[in-house]
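Read the structure below first, then the notes.
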Amino acid sequence: MADALRREFRVDPRWLEGASRNTHENAFFTAQHLQGSGVERVLVVTHAMHMPRALGRFEAAGLAADPAPTGFRGPAGEWRLRDFVPTVDALETSRFALREWLARAARPLRDRLPGDRPGA
Numbered sequence: 013m014a015d016a017l018r019r020e021f022r023v024d025p026r027w028l029e030g031a032s033r034n035t036h037e038n039a040f041f042t043a044q045h046l047q048g049s050g051v052e053r054v055l056v057v058t059h060a061m062h063m064p065r066a067l068g069r070f071e072a073a074g075l076a077a078d079p080a081p082t083g084f085r086g087p088a089g090e091w092r093l094r095d096f097v098p099t100v101d102a103l104e105t106s107r108f109a110l111r112e113w114l115a116r117a118a119r120p121l122r123d124r125l126p127g128d129r130p131g132a
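For the sequence shown, our numbering begins at 13 and goes up steadily by one.
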């Protein structure tokens, strides 16, 4: 993302978070980086399917977060009969959606585990 900001928009990022391994840690470490900076809101840029879970993590880390989704999947425009024919791409979309739903279901359980906080 930092490279894209520099290359596409000629903007140097002020803060870079490179220690996280997942969205949960990214939200936690980002909140730490921004503490005392005066930043009151953040944009969360992630895949549209991942957005609900990502927003939840950033809000749980104490950040006011606005969604900026990317990577929408699905037919553009009207539905056609071929939209219902199985394809490899559709299987990948289903896999991604299933992973997101399982991760959402598992999060409340993970929140109860000791040591699930980054840096703990």
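Using N, Cα and C, we set each Cβ at its ideal position, and we do this for glycine too.
Can you give me the Cβ contacts of residue i inside the same chain, cut-off strictly under 6 Å, excluding the 5 residues immediately before and after it?
| i | result |
| --- | --- |
| Thr42 | Glu29 |
| Ala132 | Low confidence applies here, because Ala132 scores a pLDDT of 49, under 50, leaving its location unreliable and the question unanswered by this model. |
Residues in the same chain with beta-carbon distance under 8 Å from residue i, minus the five sequence neighbours each way, listed in chain order, please.
| i | result |
| --- | --- |
| Ala115 | Arg65 |
| Trp27 | Thr42, His45, Leu46 and Ser49 |
List the endpoints of the continuous alpha helix (DSSP H) containing residue i.
| i | result |
| --- | --- |
| Pro120 | Val100 to Asp123 |
| Glu29 | Glu29 -> no alpha helix (DSSP H), and no H or E assigned at all. |
| Leu17 | Ala14 to Phe21 |
With distances taken from CA atoms, which of the options is nearest residue i?
| i | options | result |
| --- | --- | --- |
| Ala76 | Asp24, Gln47, Trp27 and His62 | Gln47 |
| Val57 | Gly50, Ser49, Gly74 and Pro79 | Pro79 |
| Gly83 | Gly89, His59, Phe96 and Asp95 | His59 |
| Arg122 | Leu93, Leu110, Thr99 and His36 | His36 |
| Asp101 | Glu90, Arg85 and Glu20 | Arg85 |
Given 8 Å as the limit, tell me if residue i has its C-beta closer than that to any heavy atom belonging to the ligand NAP.
| i | result |
| --- | --- |
| Gly74 | Judged by which ligands are present, the structure shown has none, so any question about the ligand NAP falls away. |
Could you check how far apart the C-beta atoms of residue i and residue j are, in whole angstroms? I think they sit under 8 Å.
| i | j | result |
| --- | --- | --- |
| Glu104 | His62 | Rounded, the Cβ-Cβ distance is 14 Å, inconsistent with contact. |
| Val54 | Phe70 | 7 Å |
| Ala39 | Ala73 | 4 Å |
I need the boundaries of the beta strand (DSSP E) containing residue i, first residue and last residue.
| i | result |
| --- | --- |
| Asp78 | Ala76 to Thr82 |
Whole beta strand (DSSP E) elements within the segment 32-74, 3-residue minimum: Runs of the beta strand (DSSP E) inside the segment 32-74: 53-59.
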